[in-house]
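Protein chains in written order, with my numbering: chain A, 1 to 224; chain B, 1 to 224. Here the structure comes first, spelled out in structure tokens, and everything after it is commentary.
There are 2 protein chains.
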Amino acid sequence: MATHFNQTAAHKVPTQVKDLKLVQLRRRQIVDAAVGLFVQKGFHRTTTREIAKAANLSIGSLYEYVTSKEDLLFLVCDAIHGEMEAGVTQALARAHTAAGVLAEMIREYFLVCDRMTDHIVLIYQETQSLPRKWRTEVLKTEVRVTGLFFEALHRLCDEGVLPPLEKPAVDLMAHNIVVWGHMWALRKWFLARQYSIDQYISLQTALILNSFNGATASAPGSQA
Amino acid sequence: MATHFNQTAAHKVPTQVKDLKLVQLRRRQIVDAAVGLFVQKGFHRTTTREIAKAANLSIGSLYEYVTSKEDLLFLVCDAIHGEMEAGVTQALARAHTAAGVLAEMIREYFLVCDRMTDHIVLIYQETQSLPRKWRTEVLKTEVRVTGLFFEALHRLCDEGVLPPLEKPAVDLMAHNIVVWGHMWALRKWFLARQYSIDQYISLQTALILNSFNGATASAPGSQA
DNA sequence: GCTGTATGAGCGAGCGTTCAGTCGGCAATG
DNA sequence: CATTGCCGACTGAACGCTCGCTCATACAGC
Chain A
1 MATHFNQTAA HKVPTQVKDL KLVQLRRRQI VDAAVGLFVQ KGFHRTTTRE
51 IAKAANLSIG SLYEYVTSKE DLLFLVCDAI HGEMEAGVTQ ALARAHTAAG
101 VLAEMIREYF LVCDRMTDHI VLIYQETQSL PRKWRTEVLK TEVRVTGLFF
151 EALHRLCDEG VLPPLEKPAV DLMAHNIVVW GHMWALRKWF LARQYSIDQY
201 ISLQTALILN SFNGATASAP GSQA
Chain B
1 MATHFNQTAA HKVPTQVKDL KLVQLRRRQI VDAAVGLFVQ KGFHRTTTRE
51 IAKAANLSIG SLYEYVTSKE DLLFLVCDAI HGEMEAGVTQ ALARAHTAAG
101 VLAEMIREYF LVCDRMTDHI VLIYQETQSL PRKWRTEVLK TEVRVTGLFF
151 EALHRLCDEG VLPPLEKPAV DLMAHNIVVW GHMWALRKWF LARQYSIDQY
201 ISLQTALILN SFNGATASAP GSQA
């Protein structure tokens, strides 16, 4: 099994236990338990004892696999970001079917965000509680995910599917798409009054495509 | 922070002190102190003693004006949202100068967000720490702010400045504008590598105007 | 003296973390 | 097969400390 080269940074968190396989197993239990509790009550309101209980471990054992509660938060953020990255990668890959590539990419991505709503909210809320060292690690993943969209959009421009816009405009579009996904998660409580996820997707997609169409005709005031 | 206590819900928080004028004065001290500390260290890592000290009060006095630390967080969120609402109202009003109304509205709003970056981040991070009762109160304000954009955009449609789009599309555009402001605040650490606030504004504005132009043939060429 | 505001030492519950001890399993030895 | 010794994962009571909150006391204005 080539799981040694995970895209996650979990291996940077020290452990007392020597059996690597066991570490991975237990940490999965722990992270799964923690994610549920953090989503429900937030990081600070969740006690390490509760986490241990939910993971079917004693507190003692918990601390064999983790050096501090903050480490645990990092494992959680890392796991979520890993899942996100995997989801986005798949979504972008799945959308390579000729015609409506961009629309499909957007749709797949938004569906990932819809599925991971709670996790996205959690990341926005608790990333700041991480020690600086872990926080930069988490932000790196955020950069990587946005990078996937940078690449995808630039590829579409090169292929002529999209008009040849200037780099800053394309990059910003990538940012926008990423954030629109987050927006659905963060403001579902509000948006869902008016829109279903499908309506949201088609409206936002129309907006994006329109903006490109408008740009093709003439290069408007998009100068710095 | 010249907070306008009029349209806030601060009066719903009980106090031991009877002199209303004094309550407002002290609470302003307290909120100002707390905002600074919360931005710096977050809600949970800030102690009530620190807040009292920064506000030039004893802990005893602090608790004359506030029933719990959570109440205090509410006062903070409420004050920030109040300031935000005031800022947006002014921004929208200031932009009523004929031609590039929409572009000006957007610009003014984004500048408000840029100025209030720390506060916006704080709101996103700590709103969930509020007791349910206060949280709904805070979310109401969020709805009100978005509502200001609903109205503004619909007015522009009626006046013929914007093409007559369907309500859901217009409302979503309002949401988008609101969130783009937040996005600048939340992802400044990332966006500022590539864009200045002015570049960000003009790029996003171009995108919006283009999307309108693409939507219907009859669009007035309002330039920023 | 009475009312209403200010003070800060003290309380005690709750928390993250530790550590002395338990126990199952495995390998070597007789 | 039985015995012994060791390893390493597991346990949970206990520790030390933090922090939200209280209350007996002091004090100021009328």
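Cβ coordinates follow ideal geometry from the N, Cα and C atoms, glycine included. Here the structure is a predicted model, which is why all the values come from computation and not from measurement.
Nearest candidate by alpha-carbon position, reference Leu57 (chain B), set B:Arg28, B:His119, B:Gln194, B:Leu75: Proximity to Leu57 (chain B) across B:Arg28, B:His119, B:Gln194, B:Leu75 peaks at B:Arg28, based on C-alpha coordinates.
Can a CB atom of chain B be found closer than 9 Å to the CB of Trp134 (chain A)? Taking a beta-carbon distance threshold of 9 Å, Trp134 (chain A) does not count as an interface residue toward chain B.
Using only the alpha-carbon positions, how far apart do Asp118 (chain A) and Glu108 (chain B) sit? Separation of Asp118 (chain A) and Glu108 (chain B) (C-alpha to C-alpha, rounded to the nearest whole angstrom) is 32 Å.
Partners in chain B for Val143 (chain A), counting only beta-carbon separations shorter than 9 Å: What Val143 (chain A) touches in chain B: Phe190.
Residues, ordered as in the chain, of the stretch 180–206 of chain B that lie near chain A by beta-carbon distance below 9 Å: Taking 9 Å as the Cβ-Cβ cut-off against chain A, the residues of the stretch 180–206 of chain B that qualify are Trp180, His182, Met183, Leu186, Arg187, Trp189, Phe190, Leu191, Gln194, Tyr195, Ser196, Asp198, Gln199, Tyr200, Ser202, Leu203, Gln204, Thr205, Ala206.
Any idea what DSSP makes of Tyr109 (chain B), helix, strand or coil? Here Tyr109 (chain B) sits in helix by DSSP.
Taking Lys53 (chain A) as the reference, give the member of A:Gly160, A:Ala34, A:Lys167, A:Glu126 with the closest Cα. Ranking A:Gly160, A:Ala34, A:Lys167, A:Glu126 by Cα distance to Lys53 (chain A) puts A:Ala34 first.
Under 8 Å by Cβ, that's how I've got Asp71 (chain B) and Ile197 (chain B) pegged, so tell me the actual separation to the nearest angstrom. Actually they do not touch by this definition, with Cβ atoms about 35 Å apart.
Within chain A, the residues that Ser211 (chain B) reaches when beta carbons sit closer than 7 Å: Here the neighbours are Leu207, Asn210, Ser211, Gly214.
How long is the line joining the alpha carbons of Leu37 (chain B) and Thr46 (chain B), rounded to whole angstroms? Rounded to the nearest angstrom, the two C-alpha atoms are 7 Å apart.
Expected contact under 8 Å - CB spacing of Glu85 (chain A) and Thr141 (chain A) to nearest Å: With 8 Å as the limit, Glu85 (chain A) and Thr141 (chain A) qualify as a contact, their Cβ atoms being about 6 Å apart.
Restricting to Cα atoms, I'd like to know which of A:Gln194, A:Cys157, A:Gly87, A:Gln128 is closest to His44 (chain B). Considering only alpha carbons, the answer is A:Gln128.
So with CB distances below 7 Å, who are the chain A contacts of Ser129 (chain B)? Among the residues of chain A, those whose CB is under 7 Å from the CB of Ser129 (chain B) are Gly42, following chain order.
For Val179 (chain B) and Val145 (chain B), believed in contact at Cβ under 8 Å, the rounded distance: Their Cβ separation, rounded to whole angstroms, is 11 Å, which puts Val145 (chain B) and Val179 (chain B) out of contact at 8 Å.
CB of Leu153 (chain B) within 9 Å of CB of Val170 (chain B), strictly: Between Leu153 (chain B) and Val170 (chain B), the gap from beta carbon to beta carbon is short of 9 Å.
Please decide whether His154 (chain B) counts as near chain A, where near means a Cβ-Cβ distance under 9 Å. Not an interface residue.
Please identify, using Cβ separations under 8 Å, the residues of the stretch 163–176 of chain A that lie next to chain B, in order along the chain. For the stretch 163–176 of chain A, the beta-carbon criterion of a distance under 8 Å to any beta-carbon of chain B is satisfied by Pro168, Ala169, Asp171, Leu172, Met173, His175, Asn176.
Partner residues on chain B for Tyr124 (chain A), Cβ-Cβ distance less than 9 Å: Neighbours of Tyr124 (chain A) on chain B, chain order: Tyr124, Gln125, Leu186.
State buried or exposed for Glu166 (chain B), treating a residue as buried only when at least 16 other CB atoms are found within 10 Å of its CB. Classification of Glu166 (chain B): exposed, given that the 10 Å Cβ count is below 16.
Compare the C-beta of Val31 (chain B) with all C-beta atoms of chain A and state if any pair is closer than 9 Å. With 9 Å as the cut-off, Val31 (chain B) does not count as an interface residue toward chain A.
Could you give the DSSP three-state label for Glu64 (chain B): helix, strand or coil? In this structure, Glu64 (chain B) counts as coil in the three-state DSSP scheme.
Would a check of beta-carbon distances place Thr46 (chain B) closer than 9 Å to chain A? No - not a single Cβ of chain A is within 9 Å of the one on Thr46 (chain B).
Chain A beta carbons: is any one of them nearer than 9 Å to that of Thr117 (chain B)? Residue contact check for Thr117 (chain B) against chain A: no CB pair falls below 9 Å.
Measure the C-alpha to C-alpha separation of Glu151 (chain B) and Ile59 (chain A) and round it to an integer number of angstroms. Separation of Glu151 (chain B) and Ile59 (chain A) (C-alpha to C-alpha, rounded to the nearest whole angstrom) is 54 Å.
Ile208 (chain B) versus B:Met105, B:Thr8, B:Lys69, B:Val66, residue with shortest Cα-Cα distance: Nearest option by C-alpha distance: B:Met105.
Looking at the C-beta of Phe138 (chain B), does it have a partner C-beta in chain A at a distance below 9 Å? Looking at the sequence shown, residue 138 (chain B) is not Phe but Val. Proximity of Val138 (chain B) to chain A, defined by a Cβ-Cβ separation below 9 Å, is not satisfied.
Min CB distance Thr8 (chain A) to chain B below 9 Å: No, no contact with chain B.
Considering only residues of the stretch 87–152 of chain B, which uninterrupted alpha helix (DSSP H) runs meet the minimum length of 4 residues and lie entirely inside it, listed in chain order? Counting only runs of at least 4 residues, the stretch 87–152 of chain B fully encloses the following alpha helix (DSSP H) elements, listed from N- to C-terminal order: 101–115, 117–126.
Taking 9 Å as the CB-CB limit, is Thr89 (chain A) close to chain B? With 9 Å as the cut-off, Thr89 (chain A) does not count as an interface residue toward chain B.
Determine whether the Cβ of Val76 (chain B) lies closer than 9 Å to any Cβ atom of chain A. Chain A, which has no Cβ nearer than 9 Å to the Cβ of Val76 (chain B), makes this no.
Would you say Val161 (chain B) faces chain A, with C-beta separation under 9 Å as the test? At a cut-off of 9 Å between beta carbons, Val161 (chain B) makes no contact with chain A.
Can you grab the Cα-Cα spacing for the pair Ala206 (chain B) / Leu162 (chain B), in whole Å? If you take the alpha carbons of Ala206 (chain B) and Leu162 (chain B), they lie about 14 Å apart.
Would you say Phe212 (chain A) and Asn213 (chain B) are within 9 Å of each other, going by their C-beta atoms? No Cβ-Cβ contact shorter than 9 Å links Phe212 (chain A) with Asn213 (chain B).
Could you have a look at Ala9 (chain A) and say whether DSSP puts it in helix, strand or coil? Shown here, Ala9 (chain A) sits in coil according to DSSP, grouped into three states, outside any helix or strand.
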